[in-house]
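Worksheet: one structure, shown below.
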Amino acid sequence: MREIRFRDALREAMSEEMRRDKNVFLMGEEVAEYNGAYKVSQGMLDEFGPDRVIDTPISELGFTGIGVGAAMAGVRPIVEFMTWNFAVLALDQILNSASKMLAMSAGQFSCPIVFRGASGSAGQLGAQHSMVFESWYANIPGLKVVSVSNPYDAKGLLKSAIRDEDPVVYMESELMYSDMGEVPEEEYLIEIGKAKVTRPGSDVTIVSFNKMMKVAHAAAEEMAKDGIEAEVIDLRTIRPLDYETIVESVKKTNRLIVVDESWPYGNIAAEISYQVQRYAFDYLDAPVKRVSGADASMHYAPNLVEAYLPNPAKTIAAVKAVMYK
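Residues in the sequence shown are numbered from 69 upward in steps of one, following our numbering.
Below is the structure:
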């Protein structure tokens, strides 16, 4: 397969779906004339024109509401947020309109819309631009939440999200837009709700998602030098969450580490920990351990950013704690 950048995989997904279905359109800040804040929509204005690649004002609540209304009227918007930190301003439309529309209309109105953009830390961006939002939106019935870690998944899952009849929250990372990865020339889709074992192993299971997959794999490769073979699972979809793949792995390895960039209180790792003790308690040889972001606001200084985030060393320490009790 050819290798392309993460941003190019996202662009291919949107462009292919816009060619396939005239009802699909893209809207957001700087997506048209500027080709996207991260150049994800490079060239799309030239191909599809200003009626389908639409620059919006800096008004997340406003243009998100327009997108939700458009989805109710029968088209398929892709709403791009420059960062999910800014999308907090649009939470009312996502939570109280998009996610509840099918239920409140007794099934009369679906809301086929994709909300996408960058989530999580991206270097020295400070407290207000570094938050992780998967657990926020995964807590809302009516939404599907996707969080991708590589170009192959980015394209296949975005195409599936655009075709989905439910509102989909789609999480990326600023730090991955230039990442290279293998992506087929031919069309493909990836089913929403299916995790993937990205590294087989027999001694411990490491579960993660988004850019923390790099941490998980780096830790696994380092531990392999000492004879510890970790099985690594990429969640890919946060809601619905593929508990079965995780549980089957734990039944084999008998140990679980969850690497989650977000705050530890009520995060995705906490949900996974509960479900594993519920469905695989008898298979566990040690308590489930979480490697999470610090229970604090992100700071600007690089040494504090490093101390805040999960990393391979913290992950290896967690593995050793469950391996050698």
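C-beta atoms are modelled at their ideal positions from N, C-alpha and C, and glycine is treated no differently.
All of these numbers come straight from a predicted model, not from anything done at the bench.
Distance between beta carbons of residue j and residue i, contact taken as under 8 Å
| i | j | result |
| --- | --- | --- |
| Ile336 | Ile306 | 6 Å |
| Ile325 | Thr383 | 6 Å |
| Ala287 | Arg323 | Rounded, the Cβ-Cβ distance is 13 Å, inconsistent with contact. |
| Ala190 | Met366 | No, Ala190 and Met366 are not in contact; Cβ-Cβ is about 10 Å, not under 8 Å. |
| Asp119 | Glu101 | About 14 Å separates the two Cβ atoms, so there is no contact after all. |
| Gly104 | Gln110 | 7 Å |
Cβ-Cβ distance between residue i and residue j below 8 Å
| i | j | result |
| --- | --- | --- |
| Ala222 | Ile260 | no |
| Glu240 | Gly185 | yes |
| Ala298 | Met291 | yes |
| Lys107 | Arg87 | no |
| Val200 | Ala206 | no |
| Tyr256 | Val182 | no |
| Met172 | Glu97 | no |
| Ala348 | Lys320 | no |
| Phe93 | Val143 | yes |
| Lys279 | Gly130 | no |
| Ile72 | Val251 | yes |
| Gln345 | Tyr311 | no |
| Val356 | Pro378 | no |
| Ile296 | Met391 | yes |
| Asp234 | Gly210 | yes |
| Met112 | Arg79 | yes |
Contact set for residue i: own chain, Cβ-Cβ below 8 Å, skip 5 residues either direction
| i | result |
| --- | --- |
| Ile301 | Ala263, Lys264, Val265, Thr266, Thr273, Ile274, Val275, Ser276, Thr313, Ile314, Ser317 |
| Asp363 | Trp331, Pro332, Tyr333 |
| Pro308 | Lys212, Ile260, Gly261 |
| Ala375 | Ala362 |
| His197 | Thr151, Asn153, Ala190 |
| Asp247 | Arg73, Phe74, Asn218, Pro219 |
| Glu84 | Lys227, Glu255 |
| Leu352 | Val318, Asn322, Arg323, Leu324, Val344, Gln345 |
Cut-off 6 Å between Cβ atoms - residues of its own chain near residue i, not counting five sequence neighbours on either side
| i | result |
| --- | --- |
| Val136 | Gln161, Ser165, Ala166 |
| Asn218 | Gly249 |
| Tyr245 | Phe74, Arg75, Tyr106 |
| Leu399 | With the chain covering only 69 through 393, there is no way to say anything about residue 399. |
| Ala81 | Lys223, Leu226, Lys227 |
| Ala386 | Ile325, Lys357, Val359 |
| Met281 | Ser217, Asp302 |
| Asp328 | Asn335, Ile336, Ala337, Ser360 |
| Ala77 | Pro219, Ala222, Lys223, Val251 |
| Pro125 | none |
| Ser203 | Ser330, Asn335, Ile336 |
Cross-strand partners of residue i (DSSP beta bridge)
| i | result |
| --- | --- |
| Arg73 | Met248 |
| Lys212 | Val236 |
| Phe93 | Pro145 |
| Arg358 | Val326 |
| Val265 | Ile301 |
| Ile274 | Val300, Ile325 |
| Asp123 | Gly96 |
Own chain residues within Cβ distance below 7 Å of residue i, not counting five before or after
| i | result |
| --- | --- |
| Gln192 | Tyr368, Pro370, Val373 |
| Ala139 | Pro145, Cys179, Pro180, Ile181 |
| Glu128 | Phe149, Phe154, Ala155, Leu157, Ala158 |
| Thr132 | Val147, Ala158, Gln161, Ile162 |
| Ile258 | Asp221, Gly224, Leu225, Ser228 |
Residue-chain proximity (residue i, chain C), Cβ-Cβ < 8 Å
| i | result |
| --- | --- |
| Lys357 | Structure shown: chain C not included; a single protein chain is present. |
Practice task
Taking only runs that begin and end inside the region 280-330, name each unbroken beta strand (DSSP E) of 3 or more residues, in chain order.
Solution key: 298-302, 305-307, 324-328
Handout entry: Runs of beta strand (DSSP E) wholly within the region 126-192 (minimum 3 residues, chain order)
Key = 144-149, 182-186
Exercise for the section: Identify every run of the beta strand (DSSP E) within the region 219-249, keeping only runs that are complete inside it and at least 3 residues long; order them along the chain. Expected result: 236-240
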